[in-house]
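Numbering (the UniProt record's numbering), first residue to last: 1 to 251.
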């Protein structure tokens, strides 16, 4: 199962914690890191049992689940820039008066009104989620969609991909299988997205790739490795240092 599947299929409680519990391990929903149950982990001289270490990992690596989610693309959160800033300030424990001064808008009563609007948004979200759950039980004609990655820079119609369409495109451009070479680089944006997503399976999580190393990895896929590298970054699958000396899989 892809990390995005784990993230989007998690319950509200699991998303709030930032990890899921499986039979033998805990998995971070934010980056995919897994820790095995029954193992004692050490960090900076402090020992942690598995679940506590997972919480420690989230604090150390992601600061908090809130921090991770508030930094997601607005197409994923549904928040305007204004609402995003308000939530940040509320989460930091600021009073209405402090938020008003920080943002330089209206008065403390204006901020209270914003709190009310956010509360209404929460109520609407609960009703919508309930209706969607009920719909799943009755809608036999709904196609299975591929979830988009949480680091996507711009979510639009390109991400409207069914599992059937995804399989068809991969078979076309990877005739020897997704571990084989790329036949050609697709001309259409949606096709490119499908191909680039498949390429991420060749990268190792939390591994820093030197420029020469990543170039060779991509050259084994397609002769124009520079093109692949550029699009992997553009679509938010890869990140790199400013000088291009190191690359890593973005989660």
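Here a beta-carbon is modelled for each residue, glycine too, at the ideal position from N, C-alpha and C.
| Item | Value |
| --- | --- |
| Every unbroken beta strand (DSSP E) within the UniProt domain "DUF2087" (182-249), with a cutoff of 3 residues, ordered by chain | 238-240 and 246-249 |
| Residue 49 to residue 37 span [Cα, whole Å] | 8 Å |
| DSSP three-state assignment for residue 20, whether helix, strand or coil | strand |
| Residue(s) in a DSSP beta bridge with residue 47 | 42 |
| Cβ neighbour criterion (16 or more within 10 Å) applied to residue 16 | exposed |
| Continuous beta strand (DSSP E) stretch holding residue 27: start and end | 25-28 |
| Counterpart residues of residue 35 in DSSP-defined beta bridges | 26 |
| Endpoints, the alpha helix (DSSP H) within which residue 164 is located | 163-173 |
| CA nearest to the CA of residue 206, picked from 237, 179, 47 and 220 | 237 |
| Three-state class that DSSP yields for residue 1 in the structure shown | Here the model assigns residue 1 a pLDDT of 39, short of 50, so the residue's position is not dependable, and the following value carries that caveat. Residue 1: coil per DSSP, three-state reduction. |
| Where residue 179 sits in the DSSP three-state scheme | coil |
| Counted within 10 angstroms of its Cβ, other Cβ atoms place residue 135 as buried (16 or more) or exposed | exposed |
| Environment of residue 216 [buried if 16+ CB atoms lie within 10 Å] | exposed |
| Per-residue DSSP class, three states only, for residue 55 | helix |
| Minimum Cβ-Cβ distance from residue 86 to chain D less than 8 Å | Absent from the structure is chain D; it holds one protein chain and no more. |
| Meets three-Cβ-pair contact criterion under 8 Å: the segment 177-185 and the segment 9-23 | no |
| Proximity winner among 127, 47, 83 and 57, relative to residue 28 (alpha-carbon distances) | 57 |
| C-beta contact flag for residue 252 and residue 85 at 8 Å | Coverage of the chain is limited to positions 1 through 251, which leaves residue 252 absent and any answer about it impossible. |
| Three-way DSSP call (helix, strand, coil) for residue 79 in this model | coil |
| Limits of the unbroken alpha helix (DSSP H) element including residue 70 | 65-70 |
| Contact check, residue 249 vs residue 203, beta carbons under 8 Å | yes |
| Which of helix, strand or coil DSSP assigns to residue 127 | helix |
| Whole-number beta carbon distance between residue 35 and residue 53, since they are thought to touch under 8 Å | 6 Å |
| For residue 98, the first and last residue of its enclosing alpha helix (DSSP H) | 96-103 |
| Residue 201 CB to nearest heavy atom of the ligand PLP below 7 Å | As for the ligand PLP, it is missing from this structure, which has no ligand bound. |
| Member of 163, 92, 231 and 191 whose CA lies at the smallest distance from the CA of residue 5 | 163 |
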